[in-house]
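J.:
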Amino acid sequence: MADEKKDVSRRDFLKTAGVATGALVGGGVIGGLIGYNAKGGGSSTKEGERSGGRADQSAGSPSGRMFFTNDHDFNVLSEATERIFPEDDLGPGAIGLGVPYFIDHQLAGAYGNNDKEYMQGPFYGGEVTQGYQTRLRRKEIFLQGIRKLEQEAKSRFDKSFTDLEGEQMDEIITAFQKDEVEMEGVTAGFFFRLLRSAVLEGAYSDPMYGGNRGMEGWKMKNFPGHQAAYIDKIDSEEFQEIDPQSLGGHH
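Count along the sequence shown from 1, then add 1315; that gives the number in the working numbering.
Below, the structure written as structure tokens:
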């Protein structure tokens, strides 16, 4: 039974558990599965970088940072996203999909600034059903969380987070998920949930927002994207294989 579990990829888990479409995982399940993939060893960011490069402008936003001014902060973010959504035999991981750039673009805008949310006090620790309860804006939480990832790496392994082995990164990310790391104004678990959600959104959003590069996230799930119409297919009794279409591809 143990051997069978080691053959379960994180991507398979996301697909069967419904996490990729927004369902939440509780009880440390993702933390327990981090480190496994179909190839048995986890994928590295270096692999993801080789499949990344600049995004095709016809399929989405070109790679360019709007929020992160510090290369190292961005690289730590990139490594963390790749551990949550790794490259494997099914397709590219977070880096190959441009997820770090998607998150960067979101943090530079209304999402990062909480522009459309009530951000006045009083600020108390709320229940999980009460939503956003911190005085910090998302861009501040991400910066703090990323730098805490780096601090934990130095404290535990005397290395930068970007120089760690995959299993060491997983240990630190799992500690955040389990609220074992001290953060100011927000819990580590809340940061982990923000990061995980942003990774999944970047992997499956329309490429025009900077992620889902080449619509590869959609292709892995056979999602057709944004078709102009289905009038030529709706009456067919045959199963239809439809090439995905981005909003940016409609002219």
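The C-beta atom is built at its ideal place from N, Cα and C for all residues, glycine as well.
Just so it is clear, the structure is predicted and the values come from calculations on it, not from any experiment.
Look at the Cβ atom of residue 1510, then the Cβ atom of residue 1440, and state whether they are nearer than 8 Å.
T.: Taking the sequence shown and counting its residues from 1, the one referred to as residue 1510 is at position 195. Taking the sequence shown and counting its residues from 1, the one referred to as residue 1440 is at position 125. Taking 8 Å as the Cβ cut-off, residue 1510 and residue 1440 do not qualify as a contacting pair.
J.: Rounded C-beta distance between residue 1400 and residue 1518? I'm assuming under 8 Å.
T.: Position 85 of the sequence shown, counting from 1, holds the residue named residue 1400. Position 203 of the sequence shown, counting from 1, holds the residue named residue 1518. Right, the Cβ-Cβ distance comes to about 6 Å (below 8 Å), so this counts as a contact.
J.: What runs of the alpha helix (DSSP H), each 4 residues or longer, lie entirely inside the region 1406 to 1468?
T.: Counting only runs of 4 or more, we get 1414 to 1422 and 1425 to 1428.
J.: In the structure shown, what three-state DSSP assignment does residue 1403 receive?
T.: By one-based count along the sequence shown, residue 1403 stands at place 88. In the structure shown, residue 1403 sits in a strand (DSSP, three-state: E or B).
J.: Tell me, which residues are paired with residue 1540 by DSSP?
T.: In the sequence shown, the residue the question calls residue 1540 occupies position 225. DSSP lists 1560 as partners of residue 1540.
J.: Quick one: measure Cβ to Cβ for residue 1396 and residue 1514, integer angstroms, because I've assumed they're closer than 8 Å.
T.: By one-based count along the sequence shown, residue 1396 stands at place 81. By one-based count along the sequence shown, residue 1514 stands at place 199. That belief holds up - the Cβ atoms of residue 1396 and residue 1514 are roughly 5 Å apart, short of 8 Å.
J.: May I ask which residues mark the beginning and end of the alpha helix (DSSP H) holding residue 1488?
T.: The residue given as residue 1488 occupies position 173 in the sequence shown. Looking at the DSSP string, the run of the alpha helix (DSSP H) that includes residue 1488 is 1481 to 1492.
J.: Nearest to residue 1507 by alpha carbon, out of 1539, 1464, 1448 and 1420?
T.: The residue you call residue 1507 lines up with position 192 of the sequence shown. Closest option to residue 1507, Cα to Cα, is 1464.
J.: Can you give me the start and stop residues for the alpha helix (DSSP H) that residue 1506 sits inside?
T.: Walking along the sequence shown from the start, residue 1506 turns up at place 191. Taken as a continuous stretch (DSSP letters only), the alpha helix (DSSP H) holding residue 1506 covers 1503 to 1519.
J.: Which of the three DSSP states is assigned to residue 1551 in this structure?
T.: The residue you call residue 1551 lines up with position 236 of the sequence shown. In this structure, residue 1551 counts as coil in the three-state DSSP scheme.
J.: Buried or exposed: which applies to residue 1531, given that a residue is buried once 16 or more other Cβ atoms fall within 10 Å of its Cβ?
T.: For the purposes of this step, residue 1531 is taken as the residue at position 216 of the sequence shown. Buried, by the Cβ-count rule.
J.: Tell me, to the nearest whole angstrom, how far the beta carbon of residue 1526 is from that of residue 1405; I am working on the premise that it is less than 8 Å.
T.: Position 211 of the sequence shown, counting from 1, holds the residue named residue 1526. Position 90 of the sequence shown, counting from 1, holds the residue named residue 1405. Rounded, the Cβ-Cβ distance is 17 Å, inconsistent with contact.
J.: Have a look at residue 1387 and residue 1456 and give me their C-alpha separation to the nearest angstrom.
T.: Stepping through the sequence shown from its first residue, residue 1387 is reached at position 72. Stepping through the sequence shown from its first residue, residue 1456 is reached at position 141. Their backbone Cα atoms lie some 17 Å apart in a straight line.
J.: Can you look up residue 1473 in the DSSP assignment and give me helix, strand or coil?
T.: Residue 1473 sits at position 158 when you count from the first residue of the sequence shown. Reduced to three states, the DSSP call for residue 1473 is coil.
J.: Considering only C-alpha positions, which residue in the set 1468, 1529, 1417 and 1420 is nearest to residue 1490?
T.: One-based indexing of the sequence shown puts residue 1490 at position 175. Checking every option, the nearest Cα to that of residue 1490 belongs to 1468.
J.: So the candidates are 1559, 1442 and 1444; which of them puts its Cα closest to the Cα of residue 1544?
T.: Numbered from 1 along the sequence shown, position 229 holds the residue referred to as residue 1544. Answer by Cα proximity: 1559.
J.: Going straight from the alpha carbon of residue 1442 to that of residue 1484, what length do you get?
T.: Residue mapping note: residue 1442 aligns to position 127 of the sequence shown, counting from 1. Residue mapping note: residue 1484 aligns to position 169 of the sequence shown, counting from 1. If I take the Cα positions, the gap works out to 29 Å.
J.: Residue 1454 and residue 1422 - do their beta-carbons sit closer together than 8 Å?
T.: Indexing the sequence shown from 1 puts residue 1422 at position 107. Indexing the sequence shown from 1 puts residue 1454 at position 139. Taking 8 Å as the Cβ cut-off, residue 1422 and residue 1454 qualify as a contacting pair.
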